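Read through the structure below, which is laid out as structure tokens, and then see the notes.
2 protein chains.
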Amino acid sequence: MMQAVPSYTLPGTTIDVLKARCATCSMHQLCLPMGLDMGDMDKLDKIIGRRRKVAKGDVLFRIGDPFTSLYAIRLGHFKTYQINAGGEEQVTGFQMGGELLGMDAISTDKHYCSAMALEDSEVCEIPFSSLEQLLVDMPTLLRHFHRMMSQEITREQSVMLLLGNMQATQRFAAFLVNLASRYEARGYSATAFQLRMSREDIGNYLGLTIESISRLLNKFKKLGLLTVSNRELQVLDLPRLKAITAGTEVCA
Amino acid sequence: MMQAVPSYTLPGTTIDVLKARCATCSMHQLCLPMGLDMGDMDKLDKIIGRRRKVAKGDVLFRIGDPFTSLYAIRLGHFKTYQINAGGEEQVTGFQMGGELLGMDAISTDKHYCSAMALEDSEVCEIPFSSLEQLLVDMPTLLRHFHRMMSQEITREQSVMLLLGNMQATQRFAAFLVNLASRYEARGYSATAFQLRMSREDIGNYLGLTIESISRLLNKFKKLGLLTVSNRELQVLDLPRLKAITAGTEVCA
DNA sequence: CGATTGGTTGATCCCCATCAAGCCACGTGG
DNA sequence: CCACGTGGCTTGATGGGGATCAACCAATCG
């Protein structure tokens, strides 16, 4: 059966190009096209290679892969991770809709981390050389692209702060508060969401073990800060979680 | 006494603009002007606000300062650090000649960390708005600027790996190997250099205490990996240090 | 059904923080 | 000159936070 327009439902293929435009994408206030007028947005649309589905557990790119494109997340969640010499993973971040993957690869033309979909997801492939050409004609895009790279730098600095001088409880609180604020920025509930990542991924990311994460969830539950069942999470006392994150509240 | 050309020797003032040009700067193969032809390099020279001296212990910018400029290090060393809610420092990096300071501030127009000179240093002030205008006309500069931002991202990812799943010994070895390679890239000895930062700064950066750093130095000394007297350091067995970093060698 | 995957809970242990004392070089003032 | 303080660092003794080990549970799947 032939299809004039690539099907949305066939995994691994491109997505219906009619539906998938920056202007109609719910992420366009956060993503690269932020602040662009319709004309500029169209130009950006034109260079986007393809809009791909990535199934849960599939790897979008792997450490060492040659770098050609950045990927903007339309839908879904990813984790990025490095592999150390011993072959163990270190999760370096969790990404969601509107965020950009692959910026670390620009410096060496090789991907410096791997990116795996935590659920069925969709991304826009942005060939980097085309993007750079576009940047020259679109100051607004240039500006926002730089902001997004800079944001990645500050995000990582926060994680360094977290790993460098926070205790387990504080780390985990910071993690939850961070998720909450990102969901809020996307118009979702800041207090009710599901964890798309396993306890193992969370622990790895926070420099803790899976057992510690389990205990911390339990601790917070007992303190009345949240309820959790499997991966469904409800934050009951966000202000106090924030206080713990800030170190204001010690939390016995 | 009037001076036609700002004196090089007056602290806090601009530096002799005749001597201080990208083309004659020893860092120009690493720094922003990498790969530029003479014409482009001149254009870059023209937008550089001033070349400043920063005395040891002085702060170049502070968290929360409004962002106007990036700073390229001509000479000397800096540390960058964040302050957590409790008022404690977290060192996020050590920077040396040819590296760029302030890229984290682009996203919010405010500095996200503070930068302090570890010794008497010199920087080139690069007004960011001028730089962005220049980028439009100079693809080579655009490319390299993106590479430098990306490099900062990968650098921080490495630190996340370090803080997230390395033991103290491994962290410290990684720190030394990193310094060695950066000095080598600058044409200095990879095996003999002085630590410009205090034990306290090192410990803070690596998520360890000052006592641990002291013990680790001693341990490495006993293992014949290095000699150290005060801040003067001599690496005796770089390959083995690298092996420890990689986790190949366990190091009892 | 058994096997497997992901998570919880308890017992024990160890790495590194913490606490404490002391060393050394330096500056300062009597 | 010494007495004194101070900052940066070293060294030793002790303790704790979280890792590790182990058992168990629940859901899913062939």
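From first to last, the protein sequence lines are chains G and H. Sequential numbering from -5 applies to the first sequence in our numbering. Sequential numbering from -5 applies to the second sequence in our numbering. Here a beta-carbon is modelled for each residue, glycine too, at the ideal position from N, C-alpha and C. Quick caveat: nothing in here was measured; it's all calculated off a predicted structure.
> Which of helix, strand or coil does DSSP assign to isoleucine 42 of chain G?
Replying inline: Residue state for isoleucine 42 of chain G is assigned as coil, using DSSP reduced to three classes.
> Within 8 angstroms (strictly less), CB to CB, does glutamine 23 of chain G reach chain H?
Replying inline: The Cβ of glutamine 23 of chain G sits no closer than 8 angstroms to any Cβ of chain H.
> Cβ of isoleucine 57 of chain H within 8 angstroms of Cβ of cysteine 107 of chain H?
Replying inline: Taking C-beta atoms as the reference points, isoleucine 57 of chain H and cysteine 107 of chain H count as a pair closer than 8 angstroms.
> Using the rule of at least 16 other Cβ atoms within 10 Å of the residue's Cβ for burial, across every protein chain shown, is glutamine 84 of chain H buried or exposed?
Replying inline: So glutamine 84 of chain H ends up on the buried side.
> Beta carbon of alanine 111 of chain H, beta carbon of alanine 49 of chain H: below 8 angstroms?
Replying inline: Yes, they are a contact pair.
>> With three or more C-beta pairs closer than 8 angstroms as the rule, is the region 92 to 105 of chain G touching the region 35 to 46 of chain G?
In response: Two segments are said to touch when three or more pairs of C-beta atoms, one from each, lie closer than 8 angstroms; by this definition the region 35 to 46 of chain G does not touch the region 92 to 105 of chain G.
> Using a Cβ-Cβ cut-off of 6 angstroms (strictly less than) and excluding sequence neighbours within five positions of methionine 142 of chain G, which residues of its own chain qualify?
Replying inline: The answer, listed in chain order, is Leu94.
> Are there 16 or more other CB atoms within 10 angstroms of the CB of lysine 47 of chain G, so buried, or fewer, so exposed?
Replying inline: The residue is buried, with at least 16 neighbouring Cβ atoms inside 10 Å.
>> For proline 233 of chain H, count the other beta carbons within 10 Å of its own beta carbon; 16 or more makes it buried, fewer makes it exposed. Which is it?
In response: Its Cβ having fewer than 16 others within 10 Å, proline 233 of chain H is exposed.
> Along chain G, which residues have their Cβ under 8 angstroms away from the Cβ of isoleucine 100 of chain H?
Replying inline: Within 8 angstroms Cβ-Cβ: His140, Arg141, Met143 and Ser144.
>> Assuming glutamate 150 of chain H and isoleucine 147 of chain G are in contact, meaning their beta carbons sit under 8 angstroms apart, how far apart are those beta carbons, in whole angstroms?
In response: Contact flag correct, Cβ pair sits at about 7 angstroms.
> Taking all protein chains shown into account, do 16 or more other C-beta atoms lie within 10 angstroms of the C-beta of asparagine 212 of chain G, making it buried, or fewer, making it exposed?
Replying inline: Flag for asparagine 212 of chain G reads exposed.
>> Quick check on glutamate 194 of chain H: buried or exposed, where buried means 16 or more other Cβ atoms within 10 Å of its Cβ?
In response: Exposed, because fewer than 16 other Cβ atoms sit within 10 Å of the Cβ of glutamate 194 of chain H.
>> Counting only beta-carbon separations shorter than 8 angstroms, does tyrosine 106 of chain G have a partner in chain H?
In response: At least one chain H Cβ lies under 8 angstroms of tyrosine 106 of chain G.
> When the cut-off is 8 angstroms and only beta carbons count, does methionine -5 of chain G lie next to chain H?
Replying inline: Model confidence at methionine -5 of chain G stands at a pLDDT of 41, short of 50, so the residue's coordinates are unreliable; what they give is reported in the following sentence. Answer no: the Cβ-Cβ gap between methionine -5 of chain G and chain H never drops below 8 angstroms.
> How about leucine 69 of chain H: is its C-beta nearer than 8 angstroms to some C-beta of chain G?
Replying inline: So no, leucine 69 of chain H is outside the interface.
> By how many angstroms is the C-alpha of leucine 235 of chain G removed from the C-alpha of phenylalanine 214 of chain G?
Replying inline: Taking the straight line from one Cα to the other gives about 9 angstroms.
>> On the DSSP bridge list, what partners appear for cysteine 118 of chain H?
In response: H:Arg45 and H:Ala66, per the DSSP bridge assignment.
>> Within a Cβ cutoff of 6 angstroms, which residues of the same chain sit near tyrosine 199 of chain H, ignoring the five residues on either side of it in sequence?
In response: If we look at tyrosine 199 of chain H and ignore the five residues flanking it on each side, its Cβ neighbours are Val85.
> So alanine 167 of chain H is in the alpha helix (DSSP H); what residue range does that whole segment cover?
Replying inline: Where alanine 167 of chain H is concerned, the enclosing alpha helix (DSSP H) stretches over 162 to 179.
> My guess is that isoleucine 42 of chain G and leucine 128 of chain G are in contact by the Cβ rule of under 8 angstroms, so how many angstroms apart are they, rounded?
Replying inline: That belief does not hold up - the Cβ atoms of isoleucine 42 of chain G and leucine 128 of chain G are roughly 11 angstroms apart, past 8 angstroms.
>> Using C-beta distances below 6 angstroms, list every residue in its chain close to valine 222 of chain H, excluding the 5 sequence neighbours before and after it, in chain order.
In response: Correct list, in chain order: Leu211.
> What's the call for glycine 29 of chain H, buried or exposed, on a 16-neighbour Cβ count within 10 Å?
Replying inline: Result: exposed.
>> With a threshold of 7 angstroms on Cβ separation, who are the neighbours of histidine 105 of chain H within its own chain once the five nearest residues in sequence on each side are excluded?
In response: Only Phe55, Arg56, Ile57, Gly58, Asp59, Phe61, Gly96 and Ala99 meet the Cβ criterion.
> Hey, does arginine 137 of chain G have any beta-carbon neighbour from chain H nearer than 8 angstroms?
Replying inline: Interface annotation, arginine 137 of chain G: in contact with chain H, CB-CB separation under 8 angstroms.
>> With H, G and I counted as helix, E and B as strand and the rest as coil, what does DSSP make of glycine 6 of chain G?
In response: At glycine 6 of chain G the pLDDT is 47, less than 50, meaning the model places this residue with poor confidence and gives no usable figure here.
> Sorted by chain position, which residues of the same chain lie with C-beta nearer than 6 angstroms to serine 206 of chain G's C-beta, five sequence neighbours on each side aside?
Replying inline: Cβ within range, chain order: Ala162.
> When DSSP labels each residue in this structure, what does proline 133 of chain G get in the three-state scheme?
Replying inline: Residue state for proline 133 of chain G is assigned as helix, using DSSP reduced to three classes.
> Roughly how many angstroms separate the alpha carbons of threonine 203 of chain G and glycine 81 of chain H, rounded to a whole number?
Replying inline: Going by the C-alpha atoms only, they are around 28 angstroms apart.
> Which two residues bound the contiguous alpha helix (DSSP H) that contains alanine 111 of chain G?
Replying inline: Taken as a continuous stretch (DSSP letters only), alanine 111 of chain G belongs to no alpha helix (DSSP H), being part of the beta strand (DSSP E) at 108 to 111.
>> Considering only their Cβ atoms, is the gap separating alanine 79 of chain H from glycine 241 of chain G smaller than 8 angstroms?
In response: Between glycine 241 of chain G and alanine 79 of chain H, the CB-CB gap stays under 8 angstroms.
> For glutamate 93 of chain H, which three-state DSSP category applies?
Replying inline: Glutamate 93 of chain H falls in the coil class under three-state DSSP.
> Whose CA, out of H:Asp231, H:Ser144 and H:Glu226, lies closest to the CA of glutamate 218 of chain H?
Replying inline: The question names glutamate, but residue 218 of chain H is glycine in the sequence shown. H:Asp231 is the residue among H:Asp231, H:Ser144 and H:Glu226 whose C-alpha sits nearest the C-alpha of glycine 218 of chain H.
>> Could you compute how far the alpha carbon of glutamate 113 of chain G sits from the alpha carbon of lysine 73 of chain G?
In response: A straight line joining the alpha-carbon of glutamate 113 of chain G with that of lysine 73 of chain G spans about 10 angstroms.
>> Suppose you measure from the CA of arginine 15 of chain H to the CA of glycine 91 of chain H; what does that come to, to the nearest Å?
In response: Within the model, the alpha-carbon separation for arginine 15 of chain H versus glycine 91 of chain H is close to 15 angstroms.
> Along chain G, which residues have their Cβ under 7 angstroms away from the Cβ of glycine 241 of chain H?
Replying inline: For glycine 241 of chain H, the neighbours in chain G by C-beta distance under 7 angstroms run, in chain order, Asn78, Ala79 and Gly80.
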